[in-house]
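Peer 1: Position in the sequence shown (from 1) plus 1116 gives the number in the working numbering.
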Amino acid sequence: MKVENPKEKYDQLIADGYCVVENVLEEDMLTRLCSVTDELLDAQTEEERAAHRSSGSMISVYQHSLFAELVVYPRALQTLEALGFLRPKWSSGYVISKPPQSPPLFWHQDWWGWNDPCSYTALPQQLFLMYYLVDTTPYNGCLRVIKGSHLKRHPLHDILPSAHGAELQRVENVDHPAFQHFPGEIDISVDAGDLVIGDSRLLHASHGNQSDERRTVITLWYHPFFALLPASMQAHIGRLRQKFGWTDSDWERIAELAPVCESDVEPIKWNRNPGPELK
Ligand SMILES: O=C(O)CCC(=O)C(=O)O
1117 MKVENPKEKY DQLIADGYCV VENVLEEDML TRLCSVTDEL LDAQTEEERA AHRSSGSMIS
1177 VYQHSLFAEL VVYPRALQTL EALGFLRPKW SSGYVISKPP QSPPLFWHQD WWGWNDPCSY
1237 TALPQQLFLM YYLVDTTPYN GCLRVIKGSH LKRHPLHDIL PSAHGAELQR VENVDHPAFQ
1297 HFPGEIDISV DAGDLVIGDS RLLHASHGNQ SDERRTVITL WYHPFFALLP ASMQAHIGRL
1357 RQKFGWTDSD WERIAELAPV CESDVEPIKW NRNPGPELK
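Pasting the structure below:
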């Protein structure tokens, strides 16, 4: 696949923290992903749904083999390569689906390596690749981001308690600042099959879904410069892998993208809150 303007997209990803690549999923893959995710979502219990009211479902991609195909989907790897990420590794992912008439997702960032100085430099340690399976708009829960917040402190960094807090997930207080609007936020509306690539440090959220249809996204986490990360970070990433439903052939399929840490160094301590170094 030929990516239009790859250098501009790379520059935008580094400076703003995100970029969008149109039309990455082909029709056949999109159809298969819709059908598998619908099956997994229909099988969820009421309890599972209530626990994740804000984000919508959080189903691990290790629950179905099709997601192993998505991890190494050639058009996605060609996109990463066009942006200059030649040796990416992959660690995990989720099916995140907002049911019809559901609340917004709170502001958060997903990076956990803030204890290491490399987290305060421009190159991304971890990227999200988000595939939306339906067209999105503010009406049905499109993504919102705060441009540049992966590298620059924003008032939300001091407001947010621990990201992904259980109270925020259950939307116990919809007046909490984590659900509000902030100057500088940008809506990212996409067509089904487009790919949103972003830095895991970027503050992001989503609108509520006011439509009568599900709004599903598959988020996959990649490490574009895994070999350049400190060993303690590599060790943490290598340990994130979980077995669940994947078969040996699924693991073989993604073997080249498996994040293997060669040293037996202690994994870095998980810390989701940026320190004062983020200015
Ligand atoms: O549901 C969305 O649009 C965003 C999902 C998200 O925030 C994430 O995967 O970290």
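Just so it is clear, CB atoms sit at the ideal spot from N, CA and C, and this is done for glycine as well.
1) Per DSSP, what kind of secondary structure is V1071 in: helix, strand or coil?
2) Hey, how far is the Cα of A1279 from the Cα of T1363?
3) According to the Cβ coordinates, are Q1241 and H1352 closer than 8 Å?
4) On the DSSP bridge assignment, give the partners of G1229 in chain order.
5) Hey, N1325 and P1215: beta-carbon distance below 8 Å or not?
6) Tell me the DSSP secondary structure of W1399 in three-state form.
7) Go through its chain and collect everything with a Cβ distance to V1119's Cβ below 8 Å, but skip five positions before and after it.
8) Nearest to W1367 by alpha carbon, out of I1384, Q1179, P1383?
9) Give the single residue among V1290, L1345, V1177 whose Cα lies nearest to the Cα of G1229.
10) Three or more beta-carbon pairs under 8 Å between the stretch 1203-1218 and the stretch 1263-1271, yes or no?
11) Restricting to runs no shorter than 4 residues, where is the alpha helix (DSSP H) found entirely within the stretch 1315-1358?
12) Is DSSP giving K1123 helix, strand or coil here?
13) Are there three or more Cβ pairs, one per stretch, closer than 8 Å when the stretch 1151-1170 is compared with the stretch 1199-1208?
14) Determine the closest residue to L1373 out of L1146, Y1189, E1155, with distance taken between C-alpha atoms.
Peer 2: Once the coordinates are examined:
1) Nothing can be reported for residue 1071, as the shown portion of the chain is limited to 1117 through 1395.
2) With a pLDDT of 46 at A1279, under the threshold of 50, the modelled position of this residue cannot be trusted; read the value that follows with caution. Roughly 32 Å between the two C-alpha positions.
3) no
4) N1387
5) yes
6) Nothing about residue 1399 can be read from this structure; the chain reaches only from 1117 to 1395.
7) K1125, V1137, Q1194, T1195, A1198, L1199
8) Q1179
9) L1345
10) no
11) 1347-1355
12) helix
13) no
14) Y1189
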